[in-house]
Structures are given as structure tokens and as C-alpha cells.
Amino acid sequence: MNKYYLEILREIKRKANPPATLRVAMRAGVAMRTGEIAWVKKYMGTNKIFYCLKSATKKKIAKDWIKNHLDISLSDYIELLNSLFAGKSHEEICIASLLLQFLPKLRKQLNPKNLDKWIDNACGWGEIDSICQSNFSSEELLGDWKIWKKLLSKFSKDKNISKRRASLVLLTKPTKTSKNPKLSGLAFDNIDKLKFEKDILITKAVSWLLRSLISHHPDKVKSYLKKNRNTLPKIAIRETERKLLTGRK
Numbered sequence: 001m002n003k004y005y006l007e008i009l010r011e012i013k014r015k016a017n018p019p020a021t022l023r024v025a026m027r028a029g030v031a032m033r034t035g036e037i038a039w040v041k042k043y044m045g046t047n048k049i050f051y052c053l054k055s056a057t058k059k060k061i062a063k064d065w066i067k068n069h070l071d072i073s074l075s076d077y078i079e080l081l082n083s084l085f086a087g088k089s090h091e092e093i094c095i096a097s098l099l100l101q102f103l104p105k106l107r108k109q110l111n112p113k114n115l116d117k118w119i120d121n122a123c124g125w126g127e128i129d130s131i132c133q134s135n136f137s138s139e140e141l142l143g144d145w146k147i148w149k150k151l152l153s154k155f156s157k158d159k160n161i162s163k164r165r166a167s168l169v170l171l172t173k174p175t176k177t178s179k180n181p182k183l184s185g186l187a188f189d190n191i192d193k194l195k196f197e198k199d200i201l202i203t204k205a206v207s208w209l210l211r212s213l214i215s216h217h218p219d220k221v222k223s224y225l226k227k228n229r230n231t232l233p234k235i236a237i238r239e240t241e242r243k244l245l246t247g248r249k
């Protein structure tokens, strides 16, 4: 098994809340019982082992590990990510996503096709979005556009709902920061394929992407809402119209 993976997994378990061997943790002097942790796990939508690490703790684990492995090779980096993204816990996927974020030079050398297997094991909005929300810029997508377009089009039709959500979320940051018509065109195409779905993982992502498109394409978004009012999720119409009207989320 990958030695780097084992280092990170040990640190996750060491800082678990509650620790892996205990059932009650202390939070500001108040017992945080298993039922409360179960609620957080359900809210995140994960079906995995859940160690209930705070975001700051996960970031510290990732950053501390990076400090001690600045010379990691691309092949070892990919092997580590493969192990973490295939992990049995929610935190393994989240920390793998942080390693994508904190090591941009290595990330930019990755083949986007790796996401196909990495997202396979993601469950719930927390895990999907940790991978897809902010890690890949418009420049990265446009730099390998042929691969990204094919991949995101494929995701939009995948039987795995995690990949269908990913086909939308991966475009939220790029469409917000770039007015390139390739990005907006694919965004509208994927929304069009998924607008009939009722699952909240999809309806909220449709809304999110439409609101991201407002940054550079407000008129196109207005027109799209008008033409598709009877087929778009109601929450997407409501939230997008509010953003158009107020400029707020």
C-alpha cells in the first residue's frame, strides 16, 4: 500500500473527532455524541466512514504533509491521489481534493481523465464539490479543451449521479471567471441535459451554474430562463432570478 497514503490516513485517525477508538468527543465543553455526528454525516450526504474533522484540521493535515514532501514526483502524487480518492472515509477524499488545490504545478500536469475514476467513489455534495468546485481554472479547462469537453459531456450522461453533478460543478468557477463561449456553451448544454432531474444534487447544481453564468452572460441567462421556465427546477429559477435582480447569491 502507498506509504504516503498511510501517513495521511494515520494522521486523519489521530485527529478524529471523536477519535476512532472513542464514541464521545468534547466540543466547547459539551459532549458531541454519535447521533450529532451522524447528523453531520447525513447532511454532507456521505456513505463513508466519517471522522468529523473540521475544515481547518483537514487543511492542516494536507499542508503539513506537503511541507515534508515538497520533492514528491508526479507519479507518486498520482498514486497517492488514486489511493485517497478510493478511500473508505469522507476525509480521505476531502484531503485528496486539498492536495489538488495546494499543489497546482503537479495538478496542471494531470490528465483530466483521472477524474473519471476519482469521482466514481465520491458520495454526496460535500465530496463531489471538494473535488470539483475550485480546483480547476478556466485556463486549465481551455488549455486541454478537447479532453475536458468530451469528459464533461460524458459525465452529464453518466448513470452515477456524482458525475452528473460534477459535469455542472466543474464549470461553475470557469464560467464565473471567463467569458469564453466554449465554457458557457458547454454549461448551457449540460444544464439542458439535466434540467429535468428532481434530485437535489442536480437541481441545486443547475441553479449554481446558472448563477455563475450571470457574471459574463446575464442576457443569455435571462433568455434561457424565459425559454425553459416550464422545464427548469423551480429552485433554479427562483435563485437565478434573485441573483439577476439583486446581484446577491
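Under the UniProt record's numbering, the first residue of the sequence shown carries the number 1, and numbering increases by one thereafter. Glycine is no exception: its CB is placed at the ideal position from the N, C-alpha and C atoms.
In terms of Cβ geometry, Leu183 and Thr175 form a close pair [threshold 8 Å].
Residue environment analysis places Met1 among the exposed positions, since fewer than 16 neighbouring C-beta atoms fall within 10 angstroms of its C-beta. Contact between Asn190 and Leu152 is confirmed by a C-beta separation of about 7 Å, below the 8 Å threshold. The Cβ atoms of Lys173 and Ser137 sit closer than 8 Å to each other. By the C-beta density criterion, Tyr4 is buried, having at least 16 other C-beta atoms within 10 angstroms. CA-CA distance, Lys63 to Lys222, rounds to 42 Å.
At a cut-off of 3 residues, not a single continuous stretch assigned as beta strand (DSSP E) sits fully inside the segment 176-214. Ile147 sits away from Ala122, with the two beta carbons spaced by 8 Å or more. Residue environment for Ile235: exposed (fewer than 16 other C-beta atoms within 10 angstroms of its C-beta). In this structure Leu9 is not in contact with Lys59, their Cβ atoms being roughly 17 Å apart against a cut-off of 8 Å. Residue burial is scored here from C-beta neighbours: Leu74 has fewer than 16 other C-beta atoms within 10 angstroms and is therefore classed as exposed.
The beta carbons of Ile12 and Glu91 sit closer together than 8 Å. Here the alpha carbon of Leu225 sits roughly 20 Å from the alpha carbon of Asp199. A direct Cα-to-Cα measurement between Lys227 and Asn68 gives close to 54 Å.
Ser223 carries a helical assignment under DSSP once its states are collapsed to helix, strand and coil.
Of the residues assessed, Asn135 falls on the buried side of the cut-off, its CB having 16 or more other CB atoms within 10 angstroms. Assigned with DSSP and collapsed to three states, Ser89 falls in strand. Approximately 6 Å separates the beta-carbon atoms of Ala166 and Ile128; this is inside 8 Å, confirming the contact. Relative to Leu186, the option among Phe155, Phe196 and Asn160 whose CA is nearest is Phe155.
Cβ contact annotation for Gly45 (same chain, cutoff 8 Å, sequence separation greater than five): Cys123, Gly124, Trp125, Gly126, Glu127 and Leu201, in chain order. In this model, Asn180 and Glu139 are separated by some 10 Å (Cα to Cα). Judged by DSSP in its simplified three-state form, Ile72 adopts coil rather than helix or strand. In this structure, Arg164 lies near Leu194, with their beta-carbon atoms less than 8 Å apart. Closest by C-alpha distance to Leu110, out of Ala56, Ser130 and Asn82, is Asn82. Per DSSP, Gly143 is one residue of the alpha helix (DSSP H) stretching across Ser138 to Gly143.
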